[in-house]
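Chemist: Quick one: structure below, then a few questions.
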Amino acid sequence: MKILFHICCGNCALYPFKLMKSEGHDLTGFWFNPNIHPYEEYEARLDSVKKLSGLWGIDMSYVEEYKPESFFRMFNSPHSANNNPPVPPPPERCKSCYLLRLEKTAELAQARGFDAFSTTLLISPFQDFDEIADTGAGLAEKYNVLFHLKDFRPYFRDSSALSKEMGLYRQKYCGCIYSRDERFSSKRKTT
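Going by the numbering used here, the letters in the sequence shown line up with residues 35 to 225, in that order.
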């Protein structure tokens, strides 16, 4: 099957690509992650994906423009103080973020004639697997292209270990400024 594979980062792509290739799928990676903040983090993750692509010969499509406003725009509210976007709690925030990235992937998959689309987000035990599956299914119906659902979570530690061996950048938080703040504020509380 010809699959457009959304990639959130290099280390999360390792085992999904390895497994899907071993199953005989024709994969093209797709980088679209306006949620990643700040720019230095975005650049480190993009460079890691490019390094992996070069090492493994992964065919890639990139939306490289750093435009986090498309992520922040999801949270604008006419009721927010001083026109600052409210900080949504993780379930709603993550659901919107999944939709933003997977919709772009499904749209591109349909436009370029792929049989299916999927995402490396399916490897992380820190992501809401069921929400990603539901989002993918809804977009599959909307764009008339299959969402290839596979549970890669059992390979998360293996993928992390392999990324360390390969010298790929390994991030410390999901990607958005809110997850960064949550990660590091919880760390400060425990020290």
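Every residue, glycine too, gets a C-beta built ideally from N, C-alpha and C. No experiment lies behind these values; they were computed from the predicted model shown.
How would you label Arg217, buried or exposed, when you count the other beta carbons within 10 angstroms and need 16 or more for buried?
Modeler: When all chains shown are included, Arg217 counts as exposed.
Chemist: Which residue from Glu199, Lys176, Phe160, Tyr177 puts its Cα closest to that of Lys22?
Modeler: What is shown of the chain runs 35 to 225, which leaves residue 22 out entirely.
Chemist: Between the region 134-141 and the region 66-86, do at least 3 Cβ pairs fall closer than 8 Å?
Modeler: Touching, yes, given that three or more Cβ pairs across the two stretches are closer than 8 Å.
Chemist: Might you give, ordered along the chain, the residues of its own chain that have their beta carbon closer than 7 Å to the beta carbon of Ala167, omitting 5 neighbours on each side?
Modeler: Only Leu183 meet the Cβ criterion.
Chemist: Ser152 by DSSP, collapsed to three states: which one?
Modeler: Note: Ser152 maps to strand in three-state DSSP.
Chemist: Please state whether DSSP places Leu86 in a helix, a strand or coil.
Modeler: Here Leu86 sits in helix by DSSP.
Chemist: Identify whether Ile92 lies in helix, strand or coil by the three-state DSSP scheme.
Modeler: Coil, per DSSP.
Chemist: Within the continuous alpha helix (DSSP H) that includes Gly44, where are the two ends?
Modeler: Its alpha helix (DSSP H) spans residues 44-56.
Chemist: Around the C-beta of Val97, are 16 or more other C-beta atoms found within 10 angstroms, so that it is buried, or is it exposed?
Modeler: Val97 is exposed by the Cβ-count criterion.
Chemist: Using CA coordinates, which residue listed in Cys43, Ala47, Asp60, Lys55 is at the minimum distance from Met35?
Modeler: For the residues Cys43, Ala47, Asp60, Lys55, the minimum Cα distance to Met35 belongs to Asp60.
Chemist: Between Tyr132 and Tyr100, is the Cβ-Cβ spacing less than 7 Å?
Modeler: No, these two residues do not count as a Cβ contact at 7 Å.
Chemist: For Tyr73, does the count of other Cβ atoms within 10 angstroms reach 16, so buried, or fall short, so exposed?
Modeler: The residue is exposed, with fewer than 16 neighbouring Cβ atoms inside 10 Å.
Chemist: In terms of alpha-carbon separation, which member of Leu134, Trp90, Ser87 lies closest to Met108?
Modeler: Out of Leu134, Trp90, Ser87, Leu134 has the C-alpha closest to the C-alpha of Met108.
Chemist: Starting from the Cα of Ser152, find the closest Cα among Pro125, Asp185, Glu126 and give me that residue.
Modeler: Among Pro125, Asp185, Glu126, the Cα nearest to that of Ser152 belongs to Asp185.
Chemist: Quick one: what's got a C-beta closer than 6 Å to Asn116's C-beta in the same chain, skipping five residues either side?
Modeler: Unreliable positioning characterises Asn116 in this predicted model, as indicated by a pLDDT of 48, which lies under 50. A coordinate reading is not provided.
Chemist: At which residues does the beta strand (DSSP E) containing Leu173 begin and terminate?
Modeler: Segment 163-177 is the alpha helix (DSSP H) holding Leu173; no beta strand (DSSP E) there.
Chemist: Ile37 by DSSP, collapsed to three states: which one?
Modeler: DSSP places Ile37 in strand when its eight states are reduced to three.
Chemist: Which one of Arg204, Ser158, Leu196, Ser95 has the shortest CA to CA distance from Phe148?
Modeler: Measuring from the Cα of Phe148, the nearest candidate turns out to be Ser95.
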